[in-house]
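S.K.: Just passing along the structure, written as structure tokens.
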Amino acid sequence: MTGDAWNIGLNIIASVITGSMVWISGRLLRLRRLRRKQAFLGLSSGGECLIVVPRMFSADNERSVHRNDAAAMLDLSAILSECGAKPEVIFHDQVYQGLAAKSEFCIGGPAANRRTEAHLRSVLPGVRMAGADERTAIDVGGQSYPSNLHHLEYALLAKVVRHERDKPAFVICGQTSIANRVAARYLDSEYPRLRSRYGVRRRFCVLLRVIESESYGPSVVEFVRDITTEAFSPRPAESSAQPG
Numbered sequence: 028m029t030g031d032a033w034n035i036g037l038n039i040i041a042s043v044i045t046g047s048m049v050w051i052s053g054r055l056l057r058l059r060r061l062r063r064k065q066a067f068l069g070l071s072s073g074g075e076c077l078i079v080v081p082r083m084f085s086a087d088n089e090r091s092v093h094r095n096d097a098a099a100m101l102d103l104s105a106i107l108s109e110c111g112a113k114p115e116v117i118f119h120d121q122v123y124q125g126l127a128a129k130s131e132f133c134i135g136g137p138a139a140n141r142r143t144e145a146h147l148r149s150v151l152p153g154v155r156m157a158g159a160d161e162r163t164a165i166d167v168g169g170q171s172y173p174s175n176l177h178h179l180e181y182a183l184l185a186k187v188v189r190h191e192r193d194k195p196a197f198v199i200c201g202q203t204s205i206a207n208r209v210a211a212r213y214l215d216s217e218y219p220r221l222r223s224r225y226g227v228r229r230r231f232c233v234l235l236r237v238i239e240s241e242s243y244g245p246s247v248v249e250f251v252r253d254i255t256t257e258a259f260s261p262r263p264a265e266s267s268a269q270p271g
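Dropping the structure here:
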């Protein structure tokens, strides 16, 4: 074989090795990112998780679901599919086990989802949501955040972890159905920032603001503030009323 032929052969081999290394490195990086996301969400490939569906508040049928809440479920399903998890979907009024056995994604406010109501009462006692639909206000930390339907709506996104080895529950609780969808999408798109700030296991609760949903849909969302301390602590009046 001539020198030119050897050079060509060596260049081809080098190109193949380089291409293989780039492919392997990219695959390992994607796998590492996936493992981090799975750990943050409490998911695993082939593992089960729970999606709790709210009812459509204005409907008489307890099993009617608003199209925005259905879209939020689809958004979550894409996340779960990426993580290789198997979702079990239940309605808000179905009796189910407590927290911790499976990672949970609970959609909707307390007026539309009984399980959200239980979560607010038991693990997020500092949050109150009064009214329903466009008349809803989120009260937390001594401040009230009323909705202005289609123009200014709020949602809270909370990660609840009771004990070290428990699976997390994500409470996706908006004043309206479109705010629910915004919070679900925020969990996916802002996961790296949430993980960087709170780590894999720490609980959190953040307040989000949806801008002009009638014109922009679920696309324009603003981070309002971290309400973790206030949300997970009993309200002051309730603290003072408890026996010491």
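For our numbering, count along the sequence shown from 1 and bump the result up by 27. For glycine and all other residues, C-beta sits at the position ideal for the given N, C-alpha and C.
1) Check for me: the alpha helix (DSSP H) holding S240 runs from which residue to which?
2) Among the residues of its own chain, which have a CB less than 6 Å from the CB of A211, if the five just before and after it don't count?
3) Using a Cβ-Cβ cut-off of 6 Å (strictly less than) and excluding sequence neighbours within five positions of P314, which residues of its own chain qualify?
4) Please go through the same chain and pick out, in chain order, the residues whose beta-carbon is closer than 6 Å to the beta-carbon of D253, but skip the five residues on each side of it.
5) Would you kindly report the start and end of the unbroken beta strand (DSSP E) that includes D166?
6) Cα-Cα, which of V251, P219 and L61 is closest to L107?
7) Should R212 be counted as a contact of the ligand MG given a C-beta to heavy atom distance under 8 Å?
8) Any idea what DSSP makes of I254, helix, strand or coil?
9) Out of Y213, R222, P195 and V237, which has the shortest C-alpha to C-alpha gap to L184?
10) The beta strand (DSSP E) spanning P173 covers which residue range?
11) Taking only three categories from DSSP, how would you classify L176?
12) In the DSSP assignment, find the unbroken beta strand (DSSP E) run with L107 in it and report its ends.
13) Please state whether DSSP places P81 in a helix, a strand or coil.
14) Is it the case that the region 131 to 151 contacts the region 188 to 206, given that we only count it when at least three CB pairs across the two stretches are under 8 Å?
15) Which residues share a DSSP beta bridge with P137?
16) Give the straight-line distance between the Cα atoms of N95 and V80, rounded to the nearest whole angstrom.
17) Mapping the DSSP letters down to three states, classify L68 as helix, strand or coil.
18) In angstroms with no decimal places, state the Cα-to-Cα distance between V251 and A182.
19) Ignoring anything shorter than 4 residues, give me the alpha helix (DSSP H) runs that lie fully in the region 172 to 234, in order along the chain.
20) Give a yes or no on contact between the region 169 to 178 and the region 59 to 74, applying the rule of three or more CB pairs nearer than 8 Å.
21) Would you report the Cα separation of E144 and I117, rounded to the nearest angstrom?
22) Can you grab the Cα-Cα spacing for the pair V188 / T256, in whole Å?
M.R.: Answer, in terms of the structure:
1) In the sequence shown, counting from the first residue as 1, residue 240 sits at position 213. Its alpha helix (DSSP H) spans residues S240 to Y243.
2) In the sequence shown, the residue the question calls residue 211 occupies position 184. The residues are A99, D102, L103 and I199.
3) Nothing can be reported for residue 314, as the shown portion of the chain is limited to 28 through 271.
4) Here residue 253 is taken as the residue at index 226 of the sequence shown, counted from 1. Cβ within range, chain order: V233.
5) The residue labelled residue 166 in the question sits at position 139 within the sequence shown. A164 to V167 is the span of the beta strand (DSSP E), which, as asked, contains D166.
6) Counted from its first residue, the sequence shown places residue 107 at position 80. L107 has its Cα closest to that of L61, out of V251, P219 and L61.
7) With respect to small molecules bound, the structure shown includes none, and the ligand MG cannot be examined in it.
8) Counted from its first residue, the sequence shown places residue 254 at position 227. In the three-state reduction of the DSSP assignment, I254 falls in the coil class, being assigned neither a helical nor a strand state.
9) Translated into positions along the sequence shown, residue 184 becomes position 157. With distances taken between Cα atoms, L184 lies closest to Y213.
10) As a working mapping, residue 173 is identified with position 146 in the sequence shown. Per DSSP, P173 is one residue of the beta strand (DSSP E) stretching across Q170 to P173.
11) Along the sequence shown, one-based indexing puts residue 176 at 149. Three-state result, L176: coil.
12) By 1-based counting over the sequence shown, the position of residue 107 is 80. Unbroken run through L107 is the alpha helix (DSSP H), R94 to C110; no beta strand (DSSP E).
13) For the purposes of this step, residue 81 is identified with residue 54 of the sequence shown, where counting begins at 1. Three-state DSSP puts P81 in coil, outside helix and strand.
14) Short answer: they touch.
15) What you label residue 137 is simply residue 110 of the sequence shown in a count that begins at 1. The partner list for P137 (beta bridge, DSSP) is empty, contrary to what the question assumes.
16) As a first step, residue 95 is located in the sequence shown; it is residue number 68 there, counting from the start. As a first step, residue 80 is located in the sequence shown; it is residue number 53 there, counting from the start. Near 11 Å, if we compare the C-alpha coordinates of V80 and N95.
17) Looking up residue 68 in the sequence shown gives position 41. Three-state result, L68: helix.
18) Translated into positions along the sequence shown, residue 251 becomes position 224. Translated into positions along the sequence shown, residue 182 becomes position 155. Linking V251 to A182 through their CA atoms gives a straight-line distance of about 10 Å.
19) Counting whole runs of 4 or more residues, the region 172 to 234 contains the alpha helix (DSSP H) stretches 204 to 216 and 218 to 225.
20) The region 169 to 178 is not in contact with the region 59 to 74.
21) As a working mapping, residue 144 is identified with position 117 in the sequence shown. As a working mapping, residue 117 is identified with position 90 in the sequence shown. The alpha-carbon of E144 is positioned some 15 Å away from that of I117.
22) The count along the sequence shown starts at 1 and reaches residue 188 at position 161. The count along the sequence shown starts at 1 and reaches residue 256 at position 229. C-alpha of V188 to C-alpha of T256: approximately 14 Å in a straight line.
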